[in-house]
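The sequence shown: position 419 = 431 (this note's numbering), numbered continuously. All remarks here apply to the structure that follows.
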Amino acid sequence: MALSRRLSTATETADDKLDDEDKHAEPSSLGTSVLDLTQAGHNTAPVLKPQDGADVEKSAESSLHDGPDPYLVAFSPNDPLNPRNFPTSRKAFITFQLGMLALAGSLGSSIIAPAEPRIARYLHLTHETTVLTVALYVLGFAFGPSLWAPISETYGRKISMLPPVLALSVMSVGTGFSRNAAALFLTRFFGGVFASAPISNVSAALGDMYEPSARGIAVTFYAVCVCGGPTLGPVIGSAVTVTRGLGWRWTEFIEAIWAASVFLLALVFMPELYPPVLLKRKAEQMRKEHGDDRYWHPHEAVKMTLNNILTKHLSRPLRMFFTEPMVTCIAIYASFVYGLLYLTLEVFPIVYREHRRMGEVQSTLPFLGLLVGVISAMGINLGNQPRYSRIVAANKGRAVPEARLPPMVLGGILFVIGIFWFGWTADPRFHWAIPTVATVFIGAGFNVIFQQCINFLVDTYVLFAASAVSANTVLRSLMACALPLVARPMFLTLGVGSACSILGGVAILALPVPFVFMKYGLRLRKLSKFAPVVED
């Protein structure tokens, strides 16, 4: 009864306060989250609102002046339940599992791409229509996070990722058994919706385990898994498609087996990682052990409501995209390079299969050049980490978003070089290795730009980072859906060189983006309703 009265009273008190905070997004409410406070061993008395995990934590943080509450359950400094206190070896194994979950989602987008001509013949479809097998899957990435994010913030990381990965496996089996276009396209779209769960939630799970200063290697590994899937998938898919006794359906069966395997691995070995859920469970356990219902945690008031989904996970990202110049520009830049990655699924077959008459498997090997570039970008991204850590330390431990941007300058240059190089050496009179080397530059530039865009948004918007990243996710998914649909008509009409020159020109126009924010980023953050700035 004491717990119920506490939650009920806190709920009534919090409603008006939180609504006003969400409208104005005052920077004074940032800094240390309730998670950080509880991990440090502080006991505070938050005010609760039974809607959304992030809002409850924000409300709790804004109520620190209420004084200590000895019954608020928190992590002790060396609490083994705290994911940040896990042994390094255990963190590494969990990070591997999270990466493989993300890879299952990203691999599914492209593994079927080499089978498009065979699918077109089997279902009597045009090539332009068959491209929807890839486009609809990626389109699902735009719709899924609006569901998986609130589930993650309410019920935890594990339940927000594992059931969708199992559902992805089921959808892949459905695609493999499809006998008509409607079944094929429907299962591919919902496969993408389910695949978006690990792709969008793994980064948050890594944040649960690692301090910001130690997160670099883990996040880089995750980025390689997300970006490497689309580049590795065509190579696997082509080998499966041409193998006697397998065929195009087995591209989906292999994806289903992979998704089911990593699901079982994570089901057995991956613990829950979301601290509010862990502390909620700890509070329940302490009430049972001590027979005292005064032990509590703010997350016990969290509810997943339709209103929360509509206001936070749908309307707020759109509002930030249209009113925040930093979100707009960064999202457009990241979406362009992400869309270009999926454009290669349609362009490489034209260049290597049709123009050079390479075999089905041989013509997909240049995708490994993209993969080499994606992996090589790890060195660039990790090389900036010591410099960034020094800048953060000099800023009293506070993030400096503009310090994330110098690698993006290098990534943008590599990306432009790769596009022009590939476009004007794609002609069969040049040796196939020459344009293939260019793909390494494209892959490296893509991964550097992509990862630093995400880092910049997270460091800039802090409490509203999920909404900023969500706006980026929706736009990049729409771009990755659209560009493959126009790739073949564009490249066959204009030619590879001219088409790549147009794309390279757009990439050149985007080069000033990091320079602009390095110079004016702080000023824009001060003017923003969502980006907090703490000044000495």
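All residues carry an ideal CB built from backbone N, CA and C; glycine is no exception. Everything numeric in this text was worked out from a predicted model, so none of it was measured.
Asked                                                                                                                                                                      : Found
For Leu84, name the three-state secondary structure that DSSP assigns.                                                                                                     : strand
Buried or exposed, going by whether 16 or more other CB atoms sit within 10 Å of the CB of Asp220?                                                                         : buried
Quick one: measure Cβ to Cβ for Tyr354 and Val146, integer angstroms, because I've assumed they're closer than 8 Å.                                                        : 7 Å
By how many angstroms is the C-alpha of Met502 removed from the C-alpha of Ala216?                                                                                         : 38 Å
Is the distance from the Cβ of Ala207 to the Cβ of Gly303 below 8 Å?                                                                                                       : no
Would you call Ala519 buried or exposed, if buried means 16 or more other Cβ atoms sit within 10 Å of its Cβ?                                                              : buried
When DSSP builds the beta bridges, which residues end up paired with Trp308?                                                                                               : Leu84
On the premise that Gln109 lies in contact with Phe281, defined as a C-beta separation below 8 Å, what is that separation, rounded to the nearest angstrom?                : 6 Å
Taking the C-alpha atoms as reference points, what is the distance between Met332 and Val412?                                                                              : 20 Å
For Val507, which of helix, strand or coil comes out of DSSP?                                                                                                              : A quick correction: the sequence has Gly, not Val, at residue 507. The answer is coil: DSSP assigns Gly507 none of H, G, I, E or B.
If Leu291 and Ala86 are in contact, beta carbons under 8 Å, what's the gap, nearest whole angstrom?                                                                        : 7 Å
When you compare each of Arg306, Glu312 and Gly245 to Val289 by their alpha carbons, which one comes out closest?                                                          : Glu312
Return the CA-CA distance between Thr472 and Ile387, expressed in angstroms with no decimal places.                                                                        : 26 Å
Nearest CA to the CA of Tyr167: which residue from Ile266, Val449, Ser513 and Met316?                                                                                      : Met316
Are the stretch 243-263 and the stretch 169-178 touching, with three or more C-beta to C-beta distances below 8 Å?                                                         : no
Quick one: Cα of Leu115 to Cα of Arg306, how far?                                                                                                                          : 43 Å
Do you know how far the Cα of Thr356 is from the Cα of Ala251?                                                                                                             : 18 Å
Which value, in whole angstroms, describes the spacing of the CA atoms of Ile429 and Ala450?                                                                               : 8 Å
Can you tell me whether DSSP reads Leu377 as helix, strand or coil?                                                                                                        : coil
In terms of residues, what are the limits of the alpha helix (DSSP H) holding Ser215?                                                                                      : Ala193 to Met221
What is the residue span of the alpha helix (DSSP H) that Met298 lies within?                                                                                              : Pro287 to His302
What number of angstroms, rounded off, separates the C-alpha of Ser172 from the C-alpha of Leu504?                                                                         : 42 Å
Note down the Cα distance separating Met112 from Ala271, rounded to an integer number of angstroms.                                                                        : 9 Å
Once you ignore the five residues that flank Pro494 on each side, which residues in its own chain have a CB closer than 8 Å to its CB?                                     : The question names Pro, but residue 494 in the sequence shown is Ala. The answer, listed in chain order, is Ala147 and Gly351.
Applying the criterion that 16 or more other CB atoms from any shown protein chain within 10 Å of the CB defines a buried residue, is Tyr514 buried or exposed?            : It is Ile, not Tyr, that sits at residue 514 in the sequence shown. It counts as exposed.
Taking Glu284 as part of the alpha helix (DSSP H), name the residues at either end of that continuous run.                                                                 : That residue, Glu284, is in no alpha helix (DSSP H); it is neither H nor E in DSSP.
Excluding the 5 residues preceding and the 5 following Ala154 in the sequence, name in chain order all residues of the same chain whose CB lies nearer than 6 Å to its CB. : Val486, Ser489 and Leu490
At the level of alpha carbons, what is the spacing between Ala235 and Cys341?                                                                                              : 21 Å
Hey, quick one: how far does the alpha helix (DSSP H) through Leu549 stretch, first residue to last?                                                                       : There is simply no residue 549 to check, as the chain begins at 13 and stops at 548 in what is shown.
If you follow the alpha helix (DSSP H) that Trp433 is part of, which residue opens it and which one closes it?                                                             : Pro418 to Thr437
How would you call Val150, buried or exposed, if buried means at least 16 neighbouring beta carbons within 10 angstroms?                                                   : buried
Excluding the five sequence neighbours on either side, which residues of its own chain have a C-beta within less than 8 Å of the C-beta of His36, listed in chain order?   : Only weak support is given to the placement of His36: the predicted model assigns it a pLDDT of 40, under 50, and the value that follows is read from those uncertain coordinates. Hits under 8 Å: Lys541.
Taking buried to mean at least 16 other C-beta atoms within 10 Å of its own C-beta, is Gly240 buried or exposed?                                                           : buried
Is the distance from the Cβ of Met338 to the Cβ of Phe529 below 8 Å?                                                                                                       : yes
Taking Val349 and Phe462 to be in contact with their CB atoms under 8 Å, please state how far apart those CB atoms are, rounded to whole angstroms.                        : 6 Å
Taking buried to mean at least 16 other C-beta atoms within 10 Å of its own C-beta, is Gly391 buried or exposed?                                                           : exposed
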